[in-house]
Amino acid sequence: MVFGIYAWPLRLLAFSGIFALLFSALTMASPNTTTTPRIVDLAAQISTLVAQFQEHLSAHNLSSPSFAEEGPDTFPPEISHLKDALLDATAEMHELLLDPLSLLFKFAAISNLVSIDAISRYKIPDMIPPGSQISFDEISQKTGLQKGPVRRLLQHAMSMRILTEPEPEMVAHTRISKFMTIPSINSWVNFESRETWPATTRIVDAIQKWPNSQEANETGFILANNNKSVQDIVTTSPERAMRFASGMQAIDYVPGYAIENVSTVYDWASLGNVRIVNVAGSRGQAAIELAKNFGNIRLLVQDSANMIQGAESGVPEELKGRVEFMAHGLFEPQTIKAPVYFFRMAFRSLGDKYAVQVLKAQIPVLESGVKILLQDVCMPEPDTIPLWRERISRSVDLALECFSNGRERYLDEWKYLLAAADKRFVLHRVYVPKDSLLGILEIHWDVTCSGEA
Ligand SMILES: C[S@@+](CC[C@H](N)C(=O)[O-])C[C@H]1O[C@@H](n2cnc3c(N)ncnc32)[C@H](O)[C@@H]1O
């Protein structure tokens, strides 16, 4: 039931005004059934939703969706529920009309990344001046490729609305290709094409070779990289390490994942005047953001010695002394006592066995009432969020598998992890922000709960 959360408003709308007339006419016209055919139901929903969506845009003098270079990339959050319902209804309509082979082809279209990889690697979007166009011949000269292969790759990309051919032989931007001129987006596309893609193609081989493995060296990535793990690659290949690092910067464009969101996803002010240990806090990006916004918080960022080397210099002058760094292995016993421990996206790259080890490693310093905050994804149960979002989160889940046998976790799986580590880790609350899956699990160390020492 994809439309679960919107089912009532849609039904009410569908039966109002002109749609009620249309519905009753169509229902009566069908001799064998009294139920409205699904495509008719969807068409009515789409029509109503589009009217509401456009009404809001017009009322706020905002542009309507368009593939044009200057078309809008995002829409106001107050109409995200309309956009969600529209995306799901239009996708369902589209997929209902496909025959099975065409539907399989749509989802198995492995060739899509070929042209995306090519235009990113050759930085073709950067060759097109904004608001202008460039010929296939010029692109051929700039890339050193013959015009035939250039045209073939670009026309494939155009079929996905990346670039357009406004007149024969000329190439111009769509808003998608324009978006690809953002350096971190280009880096992310490069990362997806050259790291994620080859590793993903070996996921099932890895599953067959190492069934049920939780080991970071028994993955699709290992099989695609001559037995080298992500860690081996980033420590020996500066070029690929840079690709991993810069690809990650694109995460700021994922709704809810930008570092700025860390301040709004939890009531940090309620913690009062505290010191927070930010375990696996990288180079302090989240800690700096929190220190900027909450004047009474002090943060100690722990990460590997390599990661934190020189990170102090990135702390703004006014925050110095409130954001500090310490080399500390993730699996090593915690040595710093604090009232709050904060882990941001630290568990998703770990199999359960290792995630439990990390939790257990904190126990030596925990005292009654200590809070452990995990900012991570709590996977929605099937059919509880719009399908278009669910599809993305399930793809990310598989990517986590291909790199390190990590995974996204459902609420009961988080509970299982906590219980497996120690019964005194008690889940208190889960905060899930609107339009994002990256929430906060608030866990309390509760000595009244029986557990092993
Ligand atoms: C997915 S990143 C998350 C980084 C940061 N919390 C954020 O939200 O951007 C995982 C972090 O765990 C750190 N890490 C992984 N294994 C580690 C280990 N064995 N010891 C210390 N840090 C480790 C990495 O260096 C990296 O900074």
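Using numbering that gives the first Met the number 0, the first residue of the sequence shown is number 0, and each one after it goes up by one. Glycine included, every Cβ here is placed at the ideal spot set by N, Cα and C. The model shown is predicted, which means the values in this text are computed figures rather than measured ones.
- Taking the C-beta atoms as reference points, Lys105 is found no nearer than 8 Å to Gln213.
- In this structure, ligand 1 has no non-hydrogen atom nearer than 7 Å to the beta-carbon of Met241.
- Considered as a whole, the segment 134 to 216 harbours 169 to 171 as its complete beta strand (DSSP E) runs of no fewer than 3 residues, in chain order.
- Leu373 sits in a strand when the DSSP states are folded into three classes.
- Taken atom to atom, the span from the alpha-carbon of Leu416 to that of Ala354 is near 7 Å.
- Note on geometry: alpha-carbon atoms of Ile123 and Ile138 lie some 7 Å from one another.
- Not one heavy atom of ligand 1 is found less than 7 Å from the C-beta of Gln248.
- Secondary structure within the segment 16 to 101: the alpha helix (DSSP H) runs of 4 or more consecutive residues, fully enclosed, are 16 to 28, 37 to 58 and 79 to 96 (chain order).
- For Asp411, the enclosing alpha helix (DSSP H) stretches over residues Leu410 to Ala420.
- Beta-bridge analysis with DSSP links Val300 to Asn277 and Phe324.
- Under the Cβ criterion (8 Å, minimum of three pairs), the segment 60 to 72 counts as touching the segment 165 to 175.
- Here His427 is exposed. Its C-beta has fewer than 16 other C-beta atoms within 10 Å.
- Spanning the alpha carbons of Asp421 and Ser46 requires a straight line of approximately 53 Å.
- Gly255 and Ser110 have their alpha carbons spaced roughly 30 Å apart.
- Looking at the backbone, the Cα of Asn272 and that of Ile296 are separated by about 6 Å.
- Residues whose Cβ lies closer than 6 Å to any heavy atom of ligand 1, listed in chain order: Ala279, Gly280, Ser281, Gln284, Ala285, Asp302, Ser303, Met306, Gly328, Leu329, Phe330, Arg343, Met344, Ala345 and Ser348.
- Trp387: member of the alpha helix (DSSP H) spanning Leu386 to Ser403, first to last residue.
- The continuous beta strand (DSSP E) containing Gly438 extends over residues Leu437 to Trp444.
- DSSP, read as helix, strand or coil, puts Phe341 in strand.
- Straight through space, the alpha carbons of Met157 and Met169 are spaced by roughly 12 Å.
- In terms of Cβ geometry, Ile371 and Trp267 do not form a close pair [threshold 8 Å].
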